[in-house]
Structure formats: C-alpha cells, structure tokens
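The opening position of the sequence shown corresponds to residue 286 in my numbering, with each subsequent residue numbered one higher. Even for Gly, the Cβ is constructed at its ideal location relative to N, Cα and C. Note that the structure is a prediction, hence the values are computed from the model and not measured.
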Amino acid sequence: MPRMTTSEPNVPPGFVEAYRLRLSASSRLVVGLNVGAIVLLAPAIALFIWPAAARGFLARDLVFTLTLTLADGLALIAGTVGVVVAHEAVHGLVMTFFGARPRYGIKWELMAAYATAPGHLFARDSFIAVALAPLALLTPLLWILVWMVPSGGLWMALALAGILNTVGAVGDLYMTWQALKHPASALVLDEEDGMRVYVGEAAGGRHQASETLPREAGSFDGPDT
Ligand SMILES: [Zn+2]
286 MPRMTTSEPN VPPGFVEAYR LRLSASSRLV VGLNVGAIVL LAPAIALFIW PAAARGFLAR
346 DLVFTLTLTL ADGLALIAGT VGVVVAHEAV HGLVMTFFGA RPRYGIKWEL MAAYATAPGH
406 LFARDSFIAV ALAPLALLTP LLWILVWMVP SGGLWMALAL AGILNTVGAV GDLYMTWQAL
466 KHPASALVLD EEDGMRVYVG EAAGGRHQAS ETLPREAGSF DGPDT
C-alpha cells in the first residue's frame, strides 16, 4: 500500500537471495560507476559528434559561432531534463509491459533519477530488458534525429541528450552484468538504488553464483563493502 516504503517481495518457496546490490551502501562501487561513466563519455561524444561533423554543423555551430542564443540555451536545458525523464519513462514502460507498477523518484545522494517497481520480481531476462531499454531505444533514436534536424541549437540539445542517456546507462549496464551471472530462472527485484537476485535452491543457486564468480572474488560484489 502507498504507505510502505520497503515492500518485501513475495519470494516463491524454494528461492533464496543470492545477490544484493545497494549503491548507497557502497561508495567504492559509486566511484567505480562514475569512472565507468567517464570511460563511456569518449565513445558517446564521438558517436554524437559524428553526424554533426558529417553535416558540417561542427564548424558552423561550435567553432565559428561560440555565442549561444537564448533559444539554444533553453533547448540544451530542455534536452538535459527531457532525457532524464524519457530515460526513466522507458524503464517504467517496459516494467509495465512485464506487469509491474513502476514508481519514479530521485535519489539525491546518488544524484540519480530512478524508476523502480516495489515488490515486483522480474524474470532475469525481463529485468535485463527493463535495464537496457533506454540505452537500446533512446540512444539510436537521438542519434538518428541528429542526422535529421537543421543546424543550430536543436542538434546540440539532441546530441547532449544522447550523450547523457548513453553515459547515464552505466548503472544499467552494471546491473545487467550482475543479473547475467545468475541463471535465467533467477528472479530479480529492481530497487531504488540497487537490485536483489533470488535463485531456486533446487537449481543449485549458491553453487551457481560462486561458479560464475571465480575471478570476481574481492570485487564489488559484497552487499556491505
Ligand atoms: Zn537507467
């Protein structure tokens, strides 16, 4: 009900928690993800500068015209805010597709917006579809739009949105990677600042998890590092 902030999932009998990620409890992981975002920044910029360069916008809009009009500035702000909303909305739409009821918010201590589905257990691959949808849908869409729009502030706003959407998917990529370490029969809970994975004991959950982890020992995986 609305009052509950931590709705516990209805874990089916025979399933045990195999993995828990809580970003707000691991500053090391947050630093790691920020490093990942910086690493993603170079290819993301290259991807979106490419159509602008190919169309001759770079020299015209960024080199010769260093002054942005008020409309350009507003477009850039709208692009920044709009892409955060669109990114979370795509997560939420895919959650709805899988029968969950999404809830949205901002985790200020992580400076991140989120979409979550309290108490909803996703099949592993559904969770991965939810996690990757904004990167898979919005980044190509914005990239195509940069090929289509006229020169000026609009392409810059779209390119900025595309770069932010791509870089902002670093946590989604990390959670996908974590989900893939568990069998396809695993169930995943999407939380405000992390995730939980449940695996069937009969399926040898714990063994499975450690089996896929030999080179991971001592990395971010602990729930309370
Ligand atoms: Zn995301």
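Check whether the Cβ atoms of residue i and residue j sit closer than 9 Å, and answer yes or no.
i	j	result
Val455	Ala327	no
Val431	Ala337	yes
Phe382	Ala408	no
Gly453	Ser309	no
Ala360	Gly438	yes
Ser436	Arg345	yes
Leu406	Val301	no
Gly364	Leu445	yes
Leu423	Val368	yes
Leu458	Leu427	no
Whole angstroms are fine: how far does the CA of residue j sit from the CA of residue i?
i	j	result
Val324	Val316	12 Å
Leu378	Ala416	11 Å
Leu343	Trp462	36 Å
Glu476	Tyr304	13 Å
Leu314	Ala385	27 Å
Thr451	Ala418	11 Å
Ala329	Pro298	44 Å
Val482	Leu395	22 Å
Ile391	Met460	18 Å
Leu474	Val375	18 Å
Leu449	Ala469	30 Å
Gly447	Ala471	32 Å
His467	His372	26 Å
Ala464	Pro403	18 Å
Met380	Ala397	19 Å
Arg340	Ile429	13 Å
Tyr389	Thr401	6 Å
Phe333	Ala356	21 Å
Is it buried or exposed for residue i, if we count other Cβ within 10 angstroms and need 16 for buried?
i	result
Leu443	buried
Glu293	exposed
Trp440	buried
Val320	exposed
Val366	exposed
Ile362	exposed
Gly507	Note that Gly507 has pLDDT 39, beneath the 50 cutoff, so the model's placement of it is unreliable and the number below is only indicative. Exposed is the call here.
Val370	exposed
Met433	exposed
Thr354	exposed
Pro425	exposed
Tyr399	buried
Ile413	buried
Ser311	buried
Between residue i and chain C, is the shortest Cβ-Cβ distance under 9 Å, so that the two count as touching?
i	result
Gly438	The structure shown contains no chain C, having only a single protein chain.
Practice item. Identify every run of the alpha helix (DSSP H) within the segment 341 to 411, keeping only runs that are complete inside it and at least 4 residues long; order them along the chain. Key: 355 to 382
Check your understanding: In chain order, which beta strand (DSSP E) runs of at least 3 residues are fully inside the segment 446 to 486?
Key -> 472 to 476, 479 to 485
Practice item. Specify which residues have a beta carbon nearer than 6 Å to any heavy atom of ligand 1, listing them in chain order. Key: His372, His376, Pro419, Ala454, Asp457
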